[in-house]
Amino acid sequence: IRDCLRGRIYPQQGNVQLGGIKEYADKLRNLDRIIIVACGTSWHAGLVGEYLIEEYARIPVEVEYASEFRYRNPIITEKDLVIAISQSGETADTMAAIELAKEKGATIFGVCNVVGASIPRITHAGVYTHAGPEIGVASTKAFTSQVTVLTLMAFYMAQQRGAITQSKLIEYLTELDAIPTLIEKALKTNDEIKEIAAKFKDSRNCLFLGRGSSFPVALEGALKLKEISYIHAEGYPAAEMKHGPIALIDTEMPVVFIATKHSSYEKVISNIQEVKARGGRVIAIVSEGDTAVKDMADYVIEIPQTGEAFVPLLATIPLQLLSYHIAVMRGCNVDQPRNLAKSVTV
Ligand code: F1P
265 IRDCLRGRIY PQQGNVQLGG IKEYADKLRN LDRIIIVACG TSWHAGLVGE
315 YLIEEYARIP VEVEYASEFR YRNPIITEKD LVIAISQSGE TADTMAAIEL
365 AKEKGATIFG VCNVVGASIP RITHAGVYTH AGPEIGVAST KAFTSQVTVL
415 TLMAFYMAQQ RGAITQSKLI EYLTELDAIP TLIEKALKTN DEIKEIAAKF
465 KDSRNCLFLG RGSSFPVALE GALKLKEISY IHAEGYPAAE MKHGPIALID
515 TEMPVVFIAT KHSSYEKVIS NIQEVKARGG RVIAIVSEGD TAVKDMADYV
565 IEIPQTGEAF VPLLATIPLQ LLSYHIAVMR GCNVDQPRNL AKSVTV
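Counting in UniProt numbering, the sequence shown runs from 265 upward without gaps.
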C-alpha cells in the first residue's frame, strides 16, 4: 500500500499507461460485450471493473472465474473483448482462459503487474500496473493498482463511445489524481483499526457487506481475512443478507459494512439496523463526517470523501489493515499464509 502511495501507481508519469489499448480505439467504440477473466483477488478487481465499465461506458460486462471458464464451454465470438487480470501474470487458469478465448477469435487485453510475465506475452495488448513486487502472498497493493487501471479504462472507454465528454473525463482524472493523498489520509486510521482488531481477534466468523461497487470490496475484505488470519469470512451484497446470511447473525457475529455516503447509503443504513436488531456487532467504513451510521454502529472507521467511482480504492485500505492487525494478533505469518502460493501455476 505504501508503495502505491509513493506514486508507483497512477499518476506518476510514464507508469500506468493505456498506450497499448489505445491502438484498439476502433474496437472499443464498437464492442458489444467484455468478458473479464481472473482468479482470487484479481477476480474481485474484475468485479469492480464490471460496475465501473457498465456505469460509465455502458458496455455489458461478464466477470468469470478463469478456473471455471476454462473448463466449461463458454460462448465467445470474435466480437468479444476479453480482459485478463493477474498480478503475477503466471496463473495457469487465467492463461488457459486466454488461450480458449483466443482460439475463438476474441481480442485479449491483459492487466498485469509483472513486466514480461507469460500473460502479457500471450495477450494482444494491455496495461502494466507497476505496483512493485508483492512481498506477501496475499494480494494488496496489486488490487488497488488493478482497480486504478480498470477505473481508467472505464473512463477512457466511456469517452471513446461518447458516453462522457472530454471535459468530464478530465474532471474524473483530476479526482483520480487526488486519490494517493486521500489514501495517505485513510492510512492515518491505522491505530484506531488496531484497537478494533483487538476486540475481534478471537472471532470465529465474520460477514462483510456492501452494495454496488462496494460489494466486490466486501468480497475482497472477506478474502483478506480468510487468507491471512484463517477466520471464516463471507462477503455478500448487503441486499442479499435477507436471503440467507441474516440467519447467521447473533451477538458473536461481527459484520463489516461499507457504508459510505453514496447512492445506496440509505439502504445500507437499513441493513445496519437489521443487523443491530439481531444483536450483531457492526464495524462500518463511513465517509468522513458521517453521523447517522456513527449513531448505530459499534465501531466506525472514516475514509475521506470522494466521488462514488473511487470508493473501492479508499474503502479497501481499512479492510486490509483490519485483516493485517487481526492476523498479527493471532500470531499468523501475514506474508506466508499456510497452503497459499504466490502464483498458482498448475
Ligand atoms: C491470483 C491469486 C491471488 C491470491 C494468491 C493466489 O493471482 O488468486 O489473488 O492472492 O496469491 O493467486 P494472480 O493471477 O493475480 O497473480
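Cβ atoms here follow ideal geometry from the backbone N, Cα and C, with glycine treated the same way.
Source: prediction; values computed, not measured.
What are the boundary residues of the beta strand (DSSP E) that residue 299 is part of?
Indexing the sequence shown from 1 puts residue 299 at position 35. From DSSP, the beta strand (DSSP E) with residue 299 extends over 298-302.
Between the alpha carbons of residue 300 and residue 348, how many angstroms are there, rounded?
Locating residue 300 in the sequence shown gives position 36, where the first residue counts as 1. Locating residue 348 in the sequence shown gives position 84, where the first residue counts as 1. Their backbone Cα atoms lie some 6 Å apart in a straight line.
Closest to residue 563 by C-alpha separation, out of 461, 367, 332, would be which residue?
The residue you call residue 563 lines up with position 299 of the sequence shown. Answer by Cα proximity: 461.
Taking the C-alpha atoms as reference points, what is the distance between residue 410 and residue 576?
Along the sequence shown, one-based indexing puts residue 410 at 146. Along the sequence shown, one-based indexing puts residue 576 at 312. Distance between the alpha carbons of residue 410 and residue 576 is about 11 Å.
Measure the C-alpha to C-alpha separation of residue 610 and residue 537 and round it to an integer number of angstroms.
Locating residue 610 in the sequence shown gives position 346, where the first residue counts as 1. Locating residue 537 in the sequence shown gives position 273, where the first residue counts as 1. Using only the alpha carbons, I get a separation of about 45 Å.
Taking 7 Å as the cut-off, does the CB of residue 358 come closer than this to any heavy atom belonging to the ligand F1P?
The residue labelled residue 358 in the question sits at position 94 within the sequence shown. Residue 358 Cβ: within cutoff of the ligand F1P.
When the distance is taken between beta carbons, is residue 553 closer than 8 Å to residue 613?
In the structure as shown, the chain begins at 265 and stops at 610. Residue 613 is therefore absent and cannot be evaluated.
Spatial neighbours of residue 428 within its chain, please: C-beta separation below 6 Å, excluding the five flanking residues on both sides.
Residue 428 sits at position 164 when you count from the first residue of the sequence shown. So the list reads 422, once near-sequence residues are dropped.
Within 10 Å of its beta-carbon, does residue 444 have 16 or more other beta-carbons around it, so buried, or fewer, so exposed?
In the sequence shown, residue 444 corresponds to position 180, counting from 1. Residue 444 is buried by the Cβ-count criterion.
Determine the closest residue to residue 359 out of 387, 578, 339, with distance taken between C-alpha atoms.
For the purposes of this step, residue 359 is taken as the residue at position 95 of the sequence shown. The residue with the shortest Cα to Cα distance from residue 359 is 387.
Residue 609 by DSSP, collapsed to three states: which one?
Working through the sequence shown from its first residue, we reach residue 609 at position 345. The answer is coil: DSSP assigns residue 609 none of H, G, I, E or B.
Hey, out of 369, 354, 368, 401, whose CA is closest to residue 384's CA?
Position 120 of the sequence shown holds residue 384. Ranking the options by Cα distance to residue 384, first place goes to 354.
According to DSSP, residue 565 sits in a beta bridge with which residue or residues?
Within the sequence shown, residue 565 is the residue found at index 301, counting from 1. Residue pairing by DSSP places residue 565 opposite 549 in a beta bridge.
Taking C-beta to C-beta, are residue 578 and residue 457 nearer than 8 Å?
As a position in the sequence shown, residue 578 is number 314, starting the count at 1. As a position in the sequence shown, residue 457 is number 193, starting the count at 1. Against a cut-off of 8 Å, the Cβ pair of residue 457 and residue 578 comes out as no contact.
Measuring alpha carbon to alpha carbon, tell me which of 592, 522, 404 ends up nearest residue 304.
Residue 304 sits at position 40 when you count from the first residue of the sequence shown. Of the listed residues, the one whose Cα sits closest to residue 304 is 404.
Hey, could you find the ends of the beta strand (DSSP E) residue 518 is sitting in?
To locate residue 518, count along the sequence shown from 1; it is residue 254. Counting along the chain, the beta strand (DSSP E) containing residue 518 begins and ends at 518-523.
One question on the structure: do residue 314 and residue 453 come within less than 8 Å of each other, judged by their Cβ atoms?
Taking the sequence shown and counting its residues from 1, the one referred to as residue 314 is at position 50. Taking the sequence shown and counting its residues from 1, the one referred to as residue 453 is at position 189. No.
Is the Cβ-Cβ distance between residue 298 and residue 325 less than 8 Å?
Reading the sequence shown from its first residue, position 34 is the one you call residue 298. Reading the sequence shown from its first residue, position 61 is the one you call residue 325. The answer is yes: Cβ separation under 8 Å.
Give the straight-line distance between the Cα atoms of residue 276 and residue 424, rounded to the nearest whole angstrom.
The residue labelled residue 276 in the question sits at position 12 within the sequence shown. The residue labelled residue 424 in the question sits at position 160 within the sequence shown. Low confidence applies here, because residue 276 scores a pLDDT of 36, under 50, leaving its location unreliable and the question unanswered by this model.
Quick test of the definition: if touching needs 3 or more C-beta pairs under 8 Å, does the stretch 590-605 touch the stretch 486-501?
yes
Compute every distance between the C-beta of residue 248 and the non-hydrogen atoms of the ligand F1P, then say whether any falls below 7 Å.
There is simply no residue 248 to check, as the chain begins at 265 and stops at 610 in what is shown.
Quick one: measure Cβ to Cβ for residue 581 and residue 451, integer angstroms, because I've assumed they're closer than 8 Å.
Position 317 of the sequence shown, counting from 1, holds the residue named residue 581. Position 187 of the sequence shown, counting from 1, holds the residue named residue 451. Rounded, the Cβ-Cβ distance is 6 Å, consistent with contact.
Under 8 Å, do residue 373 and residue 317 count as touching if we go by C-beta distance?
The sequence position of residue 373 within the sequence shown is 109, counting from 1. The sequence position of residue 317 within the sequence shown is 53, counting from 1. In this structure, residue 373 keeps its C-beta atom at 8 Å or more from the C-beta atom of residue 317.
Please classify residue 289 as buried or exposed, where buried requires at least 16 other C-beta atoms within 10 Å of its C-beta.
Residue 289 sits at position 25 when you count from the first residue of the sequence shown. Classification of residue 289: exposed, given that the 10 Å Cβ count is below 16.
Indicate whether the contact test is met: 3 or more Cβ pairs, each with one atom in the stretch 497-513 and one in the stretch 600-610, closer than 8 Å.
no
Is any heavy atom of the ligand F1P found at a distance shorter than 7 Å from the C-beta of residue 351?
For this step, residue 351 is matched to residue 87 along the sequence shown. For the ligand F1P, at least one heavy atom lies less than 7 Å from the Cβ of residue 351.
Would residue 327 be called buried (16 or more neighbouring beta carbons within 10 Å of its own) or exposed?
The residue given as residue 327 occupies position 63 in the sequence shown. The residue is buried, with at least 16 neighbouring Cβ atoms inside 10 Å.
Can we count residue 355 as close to the ligand F1P, meaning its CB is less than 7 Å from some heavy atom?
Here residue 355 refers to the residue found at position 91 of the sequence shown. Yes, the Cβ of residue 355 comes within 7 Å of a heavy atom of the ligand F1P.
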